[in-house]
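Just so it is clear: in the sequence shown, position 2 is 2 by UniProt numbering, and no numbers are missing. Where a beta carbon is used, it is the ideal one built from N, C-alpha and C, also for glycine.
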Amino acid sequence: MKTLNVVIVFIFLLVAGGTHTSASKEGIGWLIEMLPWEKVNGILPKYSKFTVMDVETGKKFKVQRRAGSHHADVQPLNAEETKIMKSIYGGKWSWKRRAIIVINGNQWIAASMHGMPHGGGALKNNFPGHFCIHFYGSTTHRINYMDLSHKLMILKAAGKLDGYLYNANPYEVISAFMAGLKQQDSKIVQSISLQPLAWNKLLPRI
Numbered sequence: 001m002k003t004l005n006v007v008i009v010f011i012f013l014l015v016a017g018g019t020h021t022s023a024s025k026e027g028i029g030w031l032i033e034m035l036p037w038e039k040v041n042g043i044l045p046k047y048s049k050f051t052v053m054d055v056e057t058g059k060k061f062k063v064q065r066r067a068g069s070h071h072a073d074v075q076p077l078n079a080e081e082t083k084i085m086k087s088i089y090g091g092k093w094s095w096k097r098r099a100i101i102v103i104n105g106n107q108w109i110a111a112s113m114h115g116m117p118h119g120g121g122a123l124k125n126n127f128p129g130h131f132c133i134h135f136y137g138s139t140t141h142r143i144n145y146m147d148l149s150h151k152l153m154i155l156k157a158a159g160k161l162d163g164y165l166y167n168a169n170p171y172e173v174i175s176a177f178m179a180g181l182k183q184q185d186s187k188i189v190q191s192i193s194l195q196p197l198a199w200n201k202l203l204p205r206i
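Here is the structure:
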């Protein structure tokens, strides 16, 4: 019965979706590296400063890594950078994951962030705490494997999302679709489906 249910949902996805949308207007693609966390941890050590670019909007803001052992705990450098970050989330802090590019000198690295201040924060920046940036292979504090939503955002930032979905099994495709709905990410949802679906109107608060 479980297999039958998965097949039914998989068929639904094939007939109920949408078309692809551009992940960015800044021409990102071949310049992006999808590096493992173990390597990024050395490239961006504690107290290093770098730029975060949101894939969807192209907006950029500067941050500093403050801590983190399985992912990077970072803070906006100042109040102006905090203002830019908050505008990316529509003026309201959120746990929603977003595909980002971490720019460190001439190096562009695919990553994912959430937008919710939590924990401690030392910088005077009008940001009450820190937020997390995940790279490929990063984990959360609660699980010892990659958070699926962060993983999908990293793949999206690297331009590898379509390839991942093409080679995914039905269970992985369905999981990705549900994660896309939860994160309200039209790129993920539309990469899986074939026909237009106003999913953001049908499920605006997932």
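Of the residues the options, the one placed nearest residue i, counting alpha carbons only
i: Ala122; options: Gly137, Val40, Ile188 and Asp73; result: Asp73
i: Gly120; options: Ser193, Arg65 and Leu155; result: Arg65
i: Asn106; options: Ile43, Ala176 and Tyr171; result: Ile43
i: Ile133; options: Asn126, Asn125, His118 and Lys124; result: His118
i: Thr140; options: Thr82, Ile84, Trp95 and Gly180; result: Trp95
i: Trp108; options: Asn126, Lys60 and Pro128; result: Lys60
i: Arg142; options: Lys160, Lys62 and His71; result: His71
i: Arg97; options: Lys62, Glu38 and Phe135; result: Phe135
i: Trp37; options: Gln75, Gly90 and Ser138; result: Ser138
i: Ala157; options: Ser175, Ile188 and Val173; result: Ile188
Residue i vs residue j beta-carbon contact at 8 Å
i: Ile88; j: Thr57; result: yes
i: Met53; j: Ile103; result: yes
i: residue 211; j: Tyr145; result: Summary: the structure shown does not reach residue 211, with the chain confined to residues 1 through 206, and so no result is reported for it.
i: Lys49; j: Leu77; result: yes
Alpha carbon of residue i to alpha carbon of residue j, nearest angstrom
i: Lys86; j: Gly115; result: 8 Å
i: Val55; j: Ile101; result: 7 Å
i: Glu26; j: Ile32; result: A caution first: Glu26 carries a pLDDT of 44, below 50, which makes its placement in the model unreliable, though a value can still be read off. Cα to Cα, Glu26 sits roughly 12 Å from Ile32.
i: Trp30; j: Thr82; result: Note on Trp30: pLDDT 48, under 50, position unreliable in the model; the coordinate value appears next. Roughly 29 Å separates the two Cα atoms.
i: Gly68; j: Met113; result: 13 Å
i: Asp185; j: Val40; result: 26 Å
i: Asp147; j: Lys160; result: 17 Å
i: Gly180; j: Ala79; result: 31 Å
i: Gly129; j: Lys92; result: 15 Å
i: Tyr166; j: Lys124; result: 45 Å
i: Phe131; j: Lys151; result: 17 Å
i: Ala99; j: Ile84; result: 16 Å
i: Ser193; j: Val63; result: 36 Å
i: Asn169; j: Asp162; result: 13 Å
i: Gln75; j: Phe127; result: 7 Å
i: Ala176; j: Gly90; result: 24 Å
Integer-rounded CB distance, given that residue j should sit under 8 Å from residue i
i: Ala110; j: Met34; result: 5 Å
i: Gln190; j: Ser149; result: No, Gln190 and Ser149 are not in contact; Cβ-Cβ is about 16 Å, not under 8 Å.
Next item on the list: Entirely within the region 75-116 and at least 4 residues each: give me those alpha helix (DSSP H) ranges in chain order.
Entry: 79-88
Checklist line | Segments of 3+ residues assigned as beta strand (DSSP E) that fall wholly inside the region 26-78 | finding: 49-54, 60-67 and 72-76
Next item on the list: Go through the region 122-173 residue by residue and report every complete run of the beta strand (DSSP E) that reaches 3 residues or more, in order.
Entry: 131-134
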